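Just below is one structure, and these are the notes that go with it.
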Amino acid sequence: MSDTLFRSLLELGDDSLILGQRLCEWCGKAPSVEVDLSLSNLGLDLMGQATLFLNYAGEVEGKGRDGDRLAFHRDGEQFRNSLLVEQPNGDFGQTMARQFLFSTYQLGLFEQLVKSADPRIAEIAAKAVKEVRSHADISAEWVIRLGDGTEDSHERMVDGFDWFWRFIDDMFAMDDDQRALAEQGILADKAALRPAFDARVAAVLAEATLPAAQPVWQVGSGRQGKHSEHLSHLLAEMQQLARAHPEATW
Amino acid sequence: MSAGAALSQAALRARIDTVLAEVPDPEIPAVSVVDLGIVRGVDADGRNVIVTPTYTGCPATIAIELAIRVALDEAGLEDIGIKTVLSPPWTTDMISDAGRDKLRAYGIAPPPKGAEGRSLHGADIVECPQCGSTRTKEVSRFGSTPCKALWQCSDCHEPFDRFKCH
Numbered sequence: 001m002s003d004t005l006f007r008s009l010l011e012l013g014d015d016s017l018i019l020g021q022r023l024c025e026w027c028g029k030a031p032s033v034e035v036d037l038s039l040s041n042l043g044l045d046l047m048g049q050a051t052l053f054l055n056y057a058g059e060v061e062g063k064g065r066d067g068d069r070l071a072f073h074r075d076g077e078q079f080r081n082s083l084l085v086e087q088p089n090g091d092f093g094q095t096m097a098r099q100f101l102f103s104t105y106q107l108g109l110f111e112q113l114v115k116s117a118d119p120r121i122a123e124i125a126a127k128a129v130k131e132v133r134s135h136a137d138i139s140a141e142w143v144i145r146l147g148d149g150t151e152d153s154h155e156r157m158v159d160g161f162d163w164f165w166r167f168i169d170d171m172f173a174m175d176d177d178q179r180a181l182a183e184q185g186i187l188a189d190k191a192a193l194r195p196a197f198d199a200r201v202a203a204v205l206a207e208a209t210l211p212a213a214q215p216v217w218q219v220g221s222g223r224q225g226k227h228s229e230h231l232s233h234l235l236a237e238m239q240q241l242a243r244a245h246p247e248a249t250w
Numbered sequence: 001m002s003a004g005a006a007l008s009q010a011a012l013r014a015r016i017d018t019v020l021a022e023v024p025d026p027e028i029p030a031v032s033v034v035d036l037g038i039v040r041g042v043d044a045d046g047r048n049v050i051v052t053p054t055y056t057g058c059p060a061t062i063a064i065e066l067a068i069r070v071a072l073d074e075a076g077l078e079d080i081g082i083k084t085v086l087s088p089p090w091t092t093d094m095i096s097d098a099g100r101d102k103l104r105a106y107g108i109a110p111p112p113k114g115a116e117g118r119s120l121h122g123a124d125i126v127e128c129p130q131c132g133s134t135r136t137k138e139v140s141r142f143g144s145t146p147c148k149a150l151w152q153c154s155d156c157h158e159p160f161d162r163f164k165c166h
């Protein structure tokens with residue numbers, strides 16, 4: 001049970017950590033200064049979530065690793081984030097497609113986790129859910145604005161979403177042990193969250209005049225530590241300083 | 001025996017309150033960590049100051065804890081610890097009335113009360129902290145710090161920061 005809980009906390013923390021890192025790659029080169037600030041701010045919220053979940057994961061594991069240790073001293077195959085969050089930023093449209101899909105997923109998830117029988121998970125979710133709600137709103141607004149915008153922005157949104165449909169099942173994946181924890185009220189049953197996710201995505205795409213989600217072959221599975229090559233490149237940059245000076249303090 | 005241990009419980013609590021009321025927020029130095037509701041008080045046995053983060057990813061969290069630590073140490077309260085709690089989650093409703101007045105005087109529009117449960121950008125009537133006009137508009141939902149948005153007054157034309165509802 002504690003191993004399943006540990007893995008599940010890594011999933012939650014790693015999703016936030018990796019997407020937070022991705023968003024901060026925009027810092028200094030976003031389309032406008034406001035967007036620059038907004039993406040970094042979103043990334044900051046995600047980093048805060050990652051800190052809380054990974055610190056708790058370290059406590060559950062009981063081997064003396066804290067959130068920083070888990071973030072900076074694990075290799076790619078030990079990460080449990082979804083494939084969706086590690087995908088490169090692409091253009092701004094693709095970044096917003098990814099953000100909308102992830103934040104919509106995360107909002108549904110955290111709205112359940114605030115009721116978790118595990119008080120630590122419940123309080124982290126309660127702390128973060130308000131921010132996640134704003135991420136979901138902001139990204140939906142951008143999807144609509146760009147989808148229902150110019151011919152160019154519309155095409156970019158179509159392309160952006162096209163890349164991500166293959167990762168949706170991976171984001172929602174759960175194994176039998178995790179389902180058992182969901183039955184105990186500790187985790188959320190993600191399968192039960194899927195219809196509301198699909199409905200919300202469909203509604204926003206329709207308003208954005210974008211084509212509905214395409215049924216495509218689904219790629220797996222980040223939750224088992226099998227990642228795309230993009231994760232290694234991201235980790236190389238993110239972990240380089242911490243690994244070069246492992247005992248550094250400042 | 002340290003100064004902290006030598007004081008009676010009531011005197012110790014009063015002492016801690018006085019010390020913390022002087023600790024400024026690192027990003028908005030016009031208000032103290034007590035005004036912002038970051039300090040929740042002292043725990044039952046009087047050994048720890050209870051603090052709570054504002055935003056989940058607030059980059060000032062560590063700086064705030066450090067500032068509280070230094071203030072306690074300088075007041076001879078080295079043996080008082082700092083405990084961070086998440087629950088109940090911080091909301092902008094926890095900013096005191098005195099804190100709201102100080103924010104306004106500093107040129108930041110304070111968040112309206114009753115923010116609980118609303119999204120971060122629920123736009124209602126925002127009063128210009130310079131001239132008091134309510135003819136104001138949002139310029140950018142993201143401002144100089146994660147907790148603020150950039151607004152502008154349509155009457156006096158001053159741009160100003162607005163503390164977002166949380």
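Protein sequence lines, in the order shown, are assigned to chains A and B.
With the first letter of the first sequence counted as 1, position 127 gets the number 127 in this note's numbering; the numbers rise by one all the way through.
With the first letter of the second sequence counted as 1, position 23 gets the number 23 in this note's numbering; the numbers rise by one all the way through.
We put the beta carbon where it would ideally sit given N, CA and C, even for glycine.
Since the model is a prediction, treat every value here as computed from it, not as a measurement.
| request: Within 10 angstroms of the Cβ of Arg141 (chain B), are there 16 or more other Cβ atoms? Answer buried if so, exposed if not. | output: Residue burial is scored here from C-beta neighbours: Arg141 (chain B) has at least 16 other C-beta atoms within 10 angstroms and is therefore classed as buried.
| said: Counting only C-beta atoms, is Ser119 (chain B) closer than 8 Å to chain A at any point? | reply: Low confidence applies to Ser119 (chain B): its pLDDT is 48, below 50, so where it sits in the model is not reliable enough to give any reading.
| Does any C-beta atom of chain A lie closer than 8 Å to the C-beta of Leu66 (chain B)? | Interface criterion not met: the Cβ of Leu66 (chain B) is under 8 Å from no Cβ in chain A.
| request: Use the C-beta contact count for Leu241 (chain A): other C-beta atoms within 10 angstroms, 16 or more gives buried, fewer gives exposed. | output: Exposed, because fewer than 16 other Cβ atoms sit within 10 Å of the Cβ of Leu241 (chain A).
| said: With a threshold of 8 Å between beta-carbons, can Tyr106 (chain B) be considered close to chain A, or not? | reply: no
| message | Against chain B, which members of the segment 118-139 of chain A pass a CB distance test of less than 7 Å? | response | Glu123, Ile124, Ala126, Lys127, Ala128, Lys130, Glu131, Arg133, Ser134, Asp137
| task | Verify whether the separation of the beta carbon atoms of Gly222 (chain A) and Ser82 (chain A) is less than 8 Å. | result | yes
| Which residues in the same chain have their Cβ closer than 6 Å to the Cβ of Leu113 (chain A), if we skip the five residues on either side of it in sequence? | Ile121, Ala125, Ala188
| task | Could you tell me whether any Cβ in chain A is nearer than 8 Å to the Cβ of Leu86 (chain B)? | result | yes
| task | Could you confirm whether any beta carbon from chain B is found closer than 8 Å to the beta carbon of Gln307 (chain A)? | result | In the structure displayed, chain A extends from 1 to 250; residue 307 (chain A) sits before or after that span and is not available.
| query | Any C-beta of chain B sitting closer than 8 Å to the C-beta of Gly48 (chain A)? | reply | yes
| request: Just tell me which of A:Asp148, A:Pro88, A:Leu107, A:Phe102 has its CA closest to the CA of Ser232 (chain A). | output: Ranking the options by Cα distance to Ser232 (chain A), first place goes to A:Pro88.
| request: Determine the DSSP secondary structure at Val132 (chain A), reduced to helix, strand or coil. | output: helix
| task | Starting from Leu83 (chain A), trace the beta strand (DSSP E) both ways and give me its first and last residue. | result | That residue, Leu83 (chain A), is in no beta strand (DSSP E); its alpha helix (DSSP H) goes 83-86.
| field | Distance between Arg13 (chain B) and Val33 (chain B) (C-alpha atoms, nearest Å) | value | 16 Å
| request: Could you work out which residues of chain B lie near Asp45 (chain A), taking near to mean beta carbons separated by less than 8 Å? | output: Tyr55, Thr56, Gly57, Pro146
| task | Could you tell me which chain A residues have their CB closer than 7 Å to the CB of Phe142 (chain B), listed as they occur along the chain? | result | Glu34, Leu37, Ser38, Asn41
| Under the rule that 16 or more other beta-carbon atoms within 10 Å means buried, what is Cys128 (chain B), buried or exposed? | buried
| message | Please list, in chain order, the residues of the segment 70-104 of chain B that have any C-beta partner in chain A closer than 9 Å. | response | Residues passing the 9 Å Cβ filter: Val85, Leu86, Ser87, Pro88, Pro89, Trp90, Thr91.
| message | Within 8 Å of any Cβ in chain B, is that where the Cβ of Leu52 (chain A) sits? | response | Closer than 8 Å to some Cβ of chain B, the Cβ of Leu52 (chain A) qualifies, so yes.
| query | Does the distance from the CB of Ile28 (chain B) to the CB of Val49 (chain B) come in under 8 Å? | reply | Not in contact: Ile28 (chain B) and Val49 (chain B) (Cβ atoms no closer than 8 Å).
| Using a Cβ-Cβ distance under 8 Å, would His157 (chain B) count as near chain A? | no
| message | If you reduce the DSSP assignment to three classes, tell me which class Pro246 (chain A) lands in. | response | coil
| Unbroken stretches of the alpha helix (DSSP H), 4 residues or longer, contained in the segment 25-112 of chain A | 33-61, 67-72, 83-86
| query | DSSP state of Gly4 (chain B), grouped into three classes? | reply | Interpretation of Gly4 (chain B) is limited by its pLDDT of 48, a score under 50 that renders its predicted location unreliable; no figure is taken from the coordinates.
| field | Residues that Asp161 (chain B) bridges to, as DSSP identifies them | value | B:Ile108, B:Leu150
| Cα-Cα, which of B:Arg15, B:Leu150, B:Gly57, B:Val85 is closest to Asp73 (chain B)? | B:Arg15
| field | CB contact flag (His154 (chain A), Gly147 (chain A), <8 Å) | value | yes
| message | Check whether the segment 5-23 of chain A and the segment 46-66 of chain A are in contact - that is, three or more C-beta pairs closer than 8 Å. | response | yes
| request: Provide the residue(s) that pair with Gly41 (chain B) in DSSP beta bridges, ordered along the chain. | output: B:Ile50
| request: Closer than 7 Å by C-beta to Val23 (chain B): which residues in its own chain qualify, once you throw out the five before and the five after it? Chain order, please. | output: Around Val23 (chain B): Ser32, Val33, Ala67, Ile68, Ala71.
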